[in-house]
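Whatever position you read off the sequence shown (first residue = 1), add 7 for our numbering. Built from N, CA and C at the ideal position, the CB exists for glycine as well. Report on the following structure.
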Amino acid sequence: MKHASLKYDVRTNKGLKKALIVYGGAPEHHPKEIADILSGLLREEFFFVQISTTLDSFIMAETQKDVDLIVLIWTRGEISQKQLNALLSLVHSGAGFVGIHASVGAFRSEINYHSLIGGQFLSHPGGVNTTYKVFILDKCHPITRGIQDFTVTTEKYYMLIDPAIHVVAATCFRNVMMPVVWTKYYGKGRVFYNSLGHTLDIVCMPQVLRIMRNGMIWAARKR
């Protein structure tokens, strides 16, 4: 990744957008490694990237009000009302929000968080090694333009979903089409969620990397 090693100073590179990646929760989803991959993609797109392991980062970012994109890689866990309110305020005022894989199952008792992300994880029937097809439903969307249907072998998420989401890609549970990739709006902020990301080999698939890159760019605050 050609720009991954560069250190940008947002004070002297005013044209750069600022991204905050926050990761944590259960280690089986390789949150640190995925954070490193996504930060590399963002740096290639000339973002100034900060990586954090604490949800208090939302509070600090809310006081500064200069973050353009928030990426959450988090499994289960709890979030305080102060942390959650800061996150909601940032996105509502225009910061983009990206949720990866198990982040749709994080903070399960927080209805306002799931209103932000657009859904909640229920189960993954078939375990972690289910082979299924991802259908690109919106082939004209900037996130999936040029990407064809593809097959993965990984967890297959069954979720409760907000009817306000725009489903970009989906899979099939018998007669039910279940979203895999979606977008929505939260106030002035754009929200992008991708359920793929249980293992590093899935994250590193060319189609998934492209969806991740495009989704983060699409969600980032528009200047």
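(message) Measuring only the C-alpha atoms, how far is residue 133 from residue 206?
(response) Stepping through the sequence shown from its first residue, residue 133 is reached at position 126. Stepping through the sequence shown from its first residue, residue 206 is reached at position 199. Whole-angstrom Cα-Cα distance: 16 Å.
(request) For residue 137, write down the residues that DSSP places opposite it in a beta bridge. (result) If you number the sequence shown from 1, residue 137 lands on position 130. Note: residue 137 sits in a beta bridge opposite 161.
(message) What does the Cβ neighbour count give for residue 167, buried or exposed, with the cut at 16 atoms within 10 Å?
(response) For the purposes of this step, residue 167 is taken as the residue at position 160 of the sequence shown. Exposed, since its Cβ has fewer than 16 Cβ neighbours within 10 Å.
(message) Can you tell me whether residue 38 is buried or exposed? The criterion is at least 16 other CB atoms within 10 Å of its CB, across all chains shown.
(response) In the sequence shown, counting from the first residue as 1, residue 38 sits at position 31. Per the 10 Å Cβ criterion, buried.
(request) Identify, in the order they occur along the chain, each residue of the same chain with its Cβ nearer than 7 Å to the Cβ of residue 101, setting aside the five sequence neighbours on each side. (result) Your numbering for residue 101 matches position 94 in the sequence shown. Cβ within range, chain order: 195, 196 and 228.
(message) Helix, strand or coil, according to DSSP, for residue 197 in the structure here?
(response) Residue mapping note: residue 197 aligns to position 190 of the sequence shown, counting from 1. Residue state, collapsed to three classes: strand.
(request) Give a yes or no on whether the C-beta atoms belonging to residue 25 and residue 75 are separated by under 8 Å. (result) Taking the sequence shown and counting its residues from 1, one reaches residue 25 at position 18. Taking the sequence shown and counting its residues from 1, one reaches residue 75 at position 68. Their beta carbons are under 8 Å apart, which means residue 25 touches residue 75 by this criterion.
(request) Would you kindly check if the distance between the Cβ of residue 125 and the Cβ of residue 271 is under 8 Å? (result) The structure shown does not extend to residue 271, since the chain is modelled only from 8 to 230, so the question has no answer here.
(request) In angstroms with no decimal places, state the Cα-to-Cα distance between residue 9 and residue 73. (result) Against the sequence shown, residue 9 aligns to sequence position 2. Against the sequence shown, residue 73 aligns to sequence position 66. Unreliable positioning characterises residue 9 in this predicted model, as indicated by a pLDDT of 34, which lies under 50. The coordinate reading is nonetheless provided below. When rounded, the distance between both Cα atoms is 25 Å.
(message) Is it buried or exposed, residue 202, if we count other Cβ atoms within 10 angstroms and call 16 or more buried?
(response) Residue 202 sits at position 195 when you count from the first residue of the sequence shown. With 16 or more Cβ atoms within 10 Å of its Cβ, residue 202 is classed as buried.
(request) Confirm, please, whether the CB-CB distance from residue 177 to residue 144 is below 8 Å. (result) To locate residue 144, count along the sequence shown from 1; it is residue 137. To locate residue 177, count along the sequence shown from 1; it is residue 170. It is a contact, given that the beta carbons lie within the stated cut-off.
(request) Just the C-alpha distance for residue 157 and residue 29, rounded to the nearest angstrom, thanks. (result) What you label residue 157 is simply residue 150 of the sequence shown in a count that begins at 1. What you label residue 29 is simply residue 22 of the sequence shown in a count that begins at 1. The alpha-carbon atoms of residue 157 and residue 29 are separated by roughly 29 Å.
(message) Report the start-end ranges of each alpha helix (DSSP H) in the segment 22–81 that is 4 residues or longer and not cut off at the edges.
(response) 38–51 and 64–71
(message) Does the beta-carbon of residue 121, which I'm using as the reference point, lie nearer than 7 Å to any heavy atom of the ligand FMN?
(response) This structure lacks the ligand FMN, and indeed carries no ligand of any kind.
(request) Using 10 angstroms around the beta-carbon of residue 183, count the other beta-carbons present and answer buried if the total reaches 16, otherwise exposed. (result) Here residue 183 corresponds to residue number 176 of the sequence shown, with the count starting at 1. Here residue 183 is exposed: its Cβ has fewer than 16 other Cβ atoms, across all protein chains shown, within 10 Å.
(message) Checking the sheet assignment: what are the DSSP bridge partners for residue 87?
(response) Along the sequence shown, read from residue 1 onward, the residue named residue 87 stands at position 80. Residue 87 pairs with nothing; no bridge assigned.
(message) Quick check: what's the CA-CA separation for residue 192 versus residue 96?
(response) Here residue 192 corresponds to residue number 185 of the sequence shown, with the count starting at 1. Here residue 96 corresponds to residue number 89 of the sequence shown, with the count starting at 1. Using only the alpha carbons, I get a separation of about 13 Å.
(request) For residue 88, count neighbouring Cβ atoms within 10 angstroms of its own Cβ and tell me buried if that reaches 16, exposed if not. (result) Walking along the sequence shown from the start, residue 88 turns up at place 81. Classification of residue 88: exposed, given that the 10 Å Cβ count is below 16.
(message) Please confirm whether residue 112 has its beta-carbon closer than 8 Å to some beta-carbon of chain E.
(response) The structure shown has no chain E; it contains just one protein chain.
(request) State the DSSP-derived secondary structure class of residue 168, mapped to helix, strand or coil. (result) Within the sequence shown, the letter at position 161 stands for residue 168. It is a strand residue.
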